[in-house]
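Under my numbering, the sequence shown is numbered contiguously, ending at residue 355. First the structure, in the form of structure tokens, and then the observations on it.
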Amino acid sequence: ISTLFPPHTRTQNHTTPPQLQNHTHTQSVVPAAEVPMANMIMASSKTLITSSSTLPPTPKPKLSLPKLQLPNFPNPPKILSLPLPTTTPTALKSISVILATSLAAAPPSLAEEFEKAALFDFDLTLPIIMAEFLILMFTLDKLYYSPLGKFMDERDAAIKEKLASVKDTSAEVKQLEEQGTAVMRAARAEISAALNKMKKETQVEVEKKLAEGRKKVEAELQEALANLEKQKEETVKSLDSQIAALSDGIVKKVLPL
Numbered sequence: 099i100s101t102l103f104p105p106h107t108r109t110q111n112h113t114t115p116p117q118l119q120n121h122t123h124t125q126s127v128v129p130a131a132e133v134p135m136a137n138m139i140m141a142s143s144k145t146l147i148t149s150s151s152t153l154p155p156t157p158k159p160k161l162s163l164p165k166l167q168l169p170n171f172p173n174p175p176k177i178l179s180l181p182l183p184t185t186t187p188t189a190l191k192s193i194s195v196i197l198a199t200s201l202a203a204a205p206p207s208l209a210e211e212f213e214k215a216a217l218f219d220f221d222l223t224l225p226i227i228m229a230e231f232l233i234l235m236f237t238l239d240k241l242y243y244s245p246l247g248k249f250m251d252e253r254d255a256a257i258k259e260k261l262a263s264v265k266d267t268s269a270e271v272k273q274l275e276e277q278g279t280a281v282m283r284a285a286r287a288e289i290s291a292a293l294n295k296m297k298k299e300t301q302v303e304v305e306k307k308l309a310e311g312r313k314k315v316e317a318e319l320q321e322a323l324a325n326l327e328k329q330k331e332e333t334v335k336s337l338d339s340q341i342a343a344l345s346d347g348i349v350k351k352v353l354p355l
């Protein structure tokens, strides 16, 4: 420890860095009995470091990458880089000529690629395809479209006939409705006439019955009045006889002979 940190580093605080100040402070406090043990530890660590430094270096494995062979593509044609002239007809013609020559100088590989990219060639396949298309249209027209159109026309005609028949029946229905309304009006008129006739007949019968009842009541009243008159006369007569008898009895009792 004394060899690592000499006395001038422990005494001069202004030269020691701040990271080692605490370490130096702890070293100054270490007792004297522990110094030989620290020296022994340092000596053993030195032997380990020297023994490890004498070992031969381990060889590092080298990675060998496989080399890829890239295909050789044809170099595209170099277009001449010319300064653009002014926009005149002659300049435009020269530019078009240069572009045509550069495109004509294309390699045969690009021409083959353009030929492969074409949709079809103008050979005998085109009229054959057109003939097949026309034959297909003719067969479809004869086998599918014409029967379907005929069926649709017949269906439309049947629907129109049904609609016409419905319209005709609607006229008949209107006539029947008018006849029904006329019958109802006649029935209502007959019913009203019958009711009026029945009312008149009942009124006549009621008047007759009322007259007969009145006559009966008057006759009964006359009879009752006559009976009352008779009873009155009889009672008056009986009262007169009784009055005469009473007056005779009273006179006899009042005036004795």
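Glycine is no exception: its CB is placed at the ideal position from the N, C-alpha and C atoms.
Run of the alpha helix (DSSP H) containing L353, from where it starts to where it stops: Unbroken run through L353: none, as it is neither H nor E.
Helix, strand or coil at L222 [DSSP, three-state]: coil
Cβ neighbours of T124 in the same chain (closer than 6 Å, five flanking residues each side left out): Caution applies to T124, whose pLDDT of 41 falls short of 50 and renders its modelled position unreliable; the value that the coordinates give is listed next. Here the set comprises nothing.
Spatial distance of I272 from A262 (CA atoms): The question names Ile, but residue 272 in the sequence shown is Lys. Looking at the two C-alpha atoms, the distance is approximately 15 Å.
Residues of its chain near S244, where Cβ-Cβ distance is below 8 Å and the 5 sequence neighbours each way are ignored: none
Alpha carbon of S336 to alpha carbon of Q329, nearest angstrom: 10 Å
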